[in-house]
Amino acid sequence: MNIKEAIKIINRMQTDGVIGRYAIGGAVGATFYLEPVTTLDVDIFVGFRPEPGQLILSLRPIYDYLADRGCPAEGEYVVIAGWPVQFLPPGTPLVEEALNEAIEHDLGGETVRVFSAEHLCAIALQVGRAKDKARLLQFVEAGAIETARFQSILMRHGLTPRWQQFERQFLHDQS
Amino acid sequence: MSFDLQRVLASKRAFRQKLASQPVAEKMRLLDELCERARVIRRASAAAREPGMVAEDPTPYETKRGAGKS
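Sequence lines, in order, name chains W and U. End of the first sequence = 175 in the numbering used here, gap-free, step of one. End of the second sequence = 70 in the numbering used here, gap-free, step of one.
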């Protein structure tokens, strides 16, 4: 398994015009800001280009491109350099914004776009599973988010009440 | 070694901070290793799972078929 190699291939796919701008989210994205966390796959959010004459977005160009380069499809994933990778359209305005405002990082000479820490946290809050809340706490504990930027994202996407609830539940001294 | 909980927690926090401050390339290398281990554990635990056991359902970004994950 080699995630750097996987990113190299995804960058090449972008250069070759198969996908538009992309950004990494999920646990792999979080690892750019926190300690590494266990995950089984890579979530790549990507601006899909509808095929001519089709209204439904298709993954076929991505699957075909990667299959030609020895990356097999397995269910919803494509295995790239040993990593199961899932290509996802931005399904909510928040994720759309996260994609547009993703940050470029350098990975040993390879440029990679990753959701900002604040967007990763807002998405975790929106998704709201136990592990998302745990990740959000990790970001808060690590001081890895810029408060003003985070608050403005929450306001834009109607997440302030949810954040207040999260604060009451996990961050306020209950003693 | 100490059994003082506060010291233990502080030590864990310091270790996590040390890991977080590693260069991105090193963290990605660690991620490669963690994923390989997680796969092995998952295969073993999936085989051992019995009906009625509590397991977290995946439900991510409202973009995946049915439900998602992260």
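We put the CB at the ideal spot given by N, CA and C, even for glycine.
Closest residue to residue i among the options (Cα-Cα distance)
i: residue 155/W; options: 122/W, 169/W and 135/W; result: 122/W
i: residue 101/W; options: 117/W, 81/W, 6/W and 73/W; result: 117/W
i: residue 96/W; options: 86/W, 110/W, 153/W and 13/W; result: 153/W
i: residue 8/W; options: 139/W, 91/W and 110/W; result: 110/W
i: residue 28/W; options: 135/W, 72/W and 67/W; result: 135/W
i: residue 162/W; options: 46/W, 133/W and 5/W; result: 133/W
i: residue 127/W; options: 91/W, 83/W and 148/W; result: 91/W
i: residue 120/W; options: 108/W, 105/W, 141/W and 94/W; result: 94/W
i: residue 88/W; options: 80/W, 38/W, 76/W and 107/W; result: 76/W
i: residue 148/W; options: 168/W, 160/W and 138/W; result: 160/W
i: residue 145/W; options: 11/W, 13/W, 18/W and 33/W; result: 33/W
i: residue 40/W; options: 170/W, 79/W and 63/W; result: 79/W
i: residue 11/W; options: 60/W, 72/W, 104/W and 36/W; result: 104/W
i: residue 9/U; options: 65/W, 141/W, 172/W and 84/W; result: 141/W
i: residue 45/W; options: 168/W, 62/W and 131/W; result: 62/W
i: residue 106/W; options: 14/U, 17/U, 25/U and 44/U; result: 25/U
i: residue 108/W; options: 29/U, 11/U, 37/U and 12/U; result: 29/U
Rounded Cβ spacing between residue i and residue j (contact assumed at less than 8 angstroms)
i: residue 19/U; j: residue 3/W; result: Actually they do not touch by this definition, with Cβ atoms about 16 angstroms apart.
i: residue 23/W; j: residue 115/W; result: 5 angstroms
i: residue 98/W; j: residue 25/W; result: 7 angstroms
i: residue 36/W; j: residue 5/U; result: Going by Cβ atoms, the distance from residue 36/W to residue 5/U rounds to 25 angstroms, so no, they are not a contact pair.
For residue i, the residue or residues it bridges with in DSSP
i: residue 112/W; result: 105/W
i: residue 84/W; result: 79/W
i: residue 45/W; result: 23/W and 88/W
i: residue 74/W; result: 77/W
Proximal chain W residues relative to residue i, where beta-carbon distance stays under 8 angstroms
i: residue 50/U; result: None at all; the shortest Cβ gap to chain W is about 21 angstroms.
i: residue 42/U; result: 40
Interface residues of chain U facing residue i [CB-CB closer than 7 angstroms]
i: residue 36/W; result: 19, 27, 30, 31 and 34
i: residue 107/W; result: 24, 25 and 28
i: residue 28/W; result: 31
i: residue 32/W; result: 24
i: residue 1/W; result: 32, 35 and 36
Partners in chain W for residue i, counting only beta-carbon separations shorter than 9 angstroms
i: residue 38/U; result: 38, 39 and 40
Neighbour-count burial assignment, residue i, 16 or more Cβ in a 10 Å radius
i: residue 164/W; result: exposed
i: residue 20/W; result: exposed
i: residue 86/W; result: buried
i: residue 68/U; result: Confidence at residue 68/U is low in this model, with a pLDDT of 38, below 50, so the placement of that residue should be treated as unreliable; the coordinate-derived value is given next. Residue 68/U should be labelled buried.
i: residue 113/W; result: buried
i: residue 27/U; result: buried
i: residue 42/W; result: buried
i: residue 15/W; result: exposed
i: residue 157/W; result: buried
i: residue 66/U; result: Unreliable placement is indicated for residue 66/U, whose pLDDT of 40 sits below 50; the coordinate value is still reported in the next sentence. The residue is exposed, with fewer than 16 neighbouring Cβ atoms inside 10 Å.
i: residue 166/W; result: buried
i: residue 84/W; result: buried
Under 9 angstroms by beta carbon: chain U residues contacting residue i
i: residue 4/W; result: 25, 28, 29 and 32
Chain U residues whose Cβ lies nearer than 8 angstroms to that of residue i
i: residue 142/W; result: 16, 17 and 20
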